[in-house]
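Asker: Residue numbers (the working numbering): 2 to 137.
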Ligand SMILES: [Zn+2]
């Protein structure tokens, strides 16, 4: 069992609305957790302590990061983190609360800013393990 941060999905994932973010480890979030930036949970943990990506959580995190984006360069780190998961899942757009998001929208900006590489955007289902900082 491991809290390794990957893009693995579980078949028996609970509804995202039943996942309590206050119980999640730091690896379940994207972002620094600074108050003004917020944290963006998108993973959940099984009773045995296994960390999984949550598809609806990922969409919610993306929508919420986009809503927070304006004029805050630090959010690029969050978008890049989430974008790698979408790439691993082979997803290019998501819907959240009736809105559609093109998750490739910021690819070139993120690559130019050094947050992403072309290689990060290759689809590699189940094999991606993001390197992260600031969490166990
Ligand atoms: Zn993640």
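Cβ atoms here follow ideal geometry from the backbone N, Cα and C, with glycine treated the same way.
Expressed to the nearest angstrom, what Euclidean distance is found between the alpha-carbon atoms of residue 44 and residue 58?
Answerer: Going by the C-alpha atoms only, they are around 7 Å apart.
Asker: Under 8 Å: does the beta carbon of residue 80 sit that close to some heavy atom of ligand 1?
Answerer: Not so, every heavy atom of ligand 1 lies at least 8 Å from the Cβ.
Asker: Just to check, is the beta-carbon of residue 90 closer than 8 Å to a non-hydrogen atom of ligand 1?
Answerer: No - ligand 1 has no heavy atom lying nearer than 8 Å to the Cβ of residue 90.
Asker: With three or more C-beta pairs closer than 8 Å as the rule, is the stretch 92-102 touching the stretch 45-53?
Answerer: Too few Cβ pairs lie closer than 8 Å, so no.
Asker: Here's the rule: buried if 16 or more other CB atoms are within 10 angstroms of the residue's CB, otherwise exposed. What is residue 136?
Answerer: Only weak support exists for where residue 136 lies, its pLDDT of 33 falling under 50; the coordinates are left without a value.
Asker: I need the straight-line Cα distance from residue 16 to residue 89, nearest angstrom please.
Answerer: Whole-angstrom Cα-Cα distance: 21 Å.
Asker: First and last residue of the alpha helix (DSSP H) that includes residue 108?
Answerer: Taken as a continuous stretch (DSSP letters only), the alpha helix (DSSP H) holding residue 108 covers 108-113.
Asker: State the start and end residues of the unbroken alpha helix (DSSP H) segment that holds residue 63.
Answerer: From DSSP, the alpha helix (DSSP H) with residue 63 extends over 56-69.
Asker: Confirm the yes/no value for this check: CB of residue 54, any heavy atom of ligand 1, distance under 8 Å.
Answerer: Yes, the Cβ of residue 54 comes within 8 Å of a heavy atom of ligand 1.
Asker: Heavy atom of ligand 1 less than 8 Å from the Cβ of residue 61, yes or no?
Answerer: No; taking the cut-off as 8 Å, the Cβ of residue 61 has no heavy atom of ligand 1 nearer than that.
Asker: Quick one: does the C-beta of residue 83 sit closer than 8 Å to a heavy atom of ligand 1?
Answerer: True, at least one ligand heavy atom lies under 8 Å from that Cβ.
Asker: Buried or exposed: where does residue 30 fall if 16 or more other Cβ atoms within 10 Å of its Cβ makes it buried?
Answerer: Buried.
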